[in-house]
Structures are given as structure tokens and as C-alpha cells.
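For the sequence shown, counting from 1, position 73 maps to 142 in my numbering; every step adds exactly one. Encoded as C-alpha cells, the structure appears first; notes follow it.
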Amino acid sequence: MAKQTRNQARIVKHKRILNKLTSNLSTNQKLRIGVYKSLNHFYAYVFDPVSAKTLTSATTLKKEAKTKGGNIQAAQALAPVFAAKLKELKLDQNDFIFDRSGYLYHGRVKAFAETLRQQGIKF
Numbered sequence: 070m071a072k073q074t075r076n077q078a079r080i081v082k083h084k085r086i087l088n089k090l091t092s093n094l095s096t097n098q099k100l101r102i103g104v105y106k107s108l109n110h111f112y113a114y115v116f117d118p119v120s121a122k123t124l125t126s127a128t129t130l131k132k133e134a135k136t137k138g139g140n141i142q143a144a145q146a147l148a149p150v151f152a153a154k155l156k157e158l159k160l161d162q163n164d165f166i167f168d169r170s171g172y173l174y175h176g177r178v179k180a181f182a183e184t185l186r187q188q189g190i191k192f
């Protein structure tokens, strides 16, 4: 069998984490903030596991958060835009689970999470 690529290993790790989250009833009811990072952009979304729907999302592709690419500064610029969307939908008082999607808590993921916490979002 061929060796897994880094992205394939991340996907396997993400599935394993999601299985643990969905099997636990207390965490299965909480909204989940998920992130995805590509080479050029950064994406964030809120997922409701009860209705199995994405409630809102934000990306560095959009005009309000567009900076130079998918670097740490872009992730930090995206967090206030994402927090404003959560406050607009009155979701800012909910408890969230931060879903790293198998990525390490480092760099863009860490910068986004810390800036989102500074905006008053609890997870």
C-alpha cells in the first residue's frame, strides 16, 4: 500500500475526531466552528450537527476580508468579519466547539482562533 500523503493523513485524523465528537451527546448538540486552509485562502464556517446544516461561513475570497492570500494576517483579518456574522445571526452567545479539521493548532489556525476569542466568541 502506498504511503499516505499529508492531506490524506489529515482527513483520516479529522474523521476520527468527528466520530468522537458525534458519539458524545453533550458535544453533539453544540455548534461547531470549522476551518479549512488552502495554499492561497482561509475558510471558516459554523455547522449545526442537529440539523446537519452550515449556518454561516466566511472566506478570504470575499471582499470584506480580502487581504494578500492565505497567510497569518489574512486569518487574523477574517476573524472579525466572521465574528460579526455570528453576532448578526445572534449566535455569539452560544458555546462552540472549535474544529481544527485535522490541522495542527499552529500558524493560521491558531491566529484565527485567538483573534476570534478576542472578538468575544467562546469555545
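Glycine is no exception: its CB is placed at the ideal position from the N, C-alpha and C atoms.
Just to confirm the assignment, what range does the alpha helix (DSSP H) spanning residue i have?
| i | result |
| --- | --- |
| L87 | 75-92 |
Alpha carbons only, please: which of the options is nearest the one belonging to residue i?
| i | options | result |
| --- | --- | --- |
| K201 | V150, Q98, V178 | Residue 201 falls outside the range modelled here, since the chain spans only 70 to 192, and no answer is possible. |
| L87 | G103, R75, T74 | G103 |
| A146 | Q77, E157, V178, N163 | V178 |
| K154 | Q188, Q142, I80 | Q188 |
| D194 | Q142, K89, K82, N97 | The first residue shown for the chain is 70 and the last is 192, placing residue 194 beyond what the model contains. |
Counting only the same chain and skipping the five closest in sequence on each side, list residues whose C-beta sits under 7 Å from that of residue i.
| i | result |
| --- | --- |
| Y105 | Y112, S170 |
| T108 | Just to set this straight, residue 108 is Leu in the shown sequence, not Thr. These residues qualify, in order along the chain: G139. |
| T91 | N97, P118 |
For residue i, collect the residues of the same chain with a Cβ closer than 6 Å to its Cβ; drop the 5 residues on either side in sequence, then sort them by chain order.
| i | result |
| --- | --- |
| L124 | V115, D117 |
Please go through the region 107-177 and give each complete beta strand (DSSP E) segment of 3 or more residues, from N-terminal end onward. 111-117, 122-128, 165-168
Check whether the region 120-132 touches the region 165-177, taking contact to mean three or more Cβ pairs, one atom from each stretch, closer than 8 Å. no
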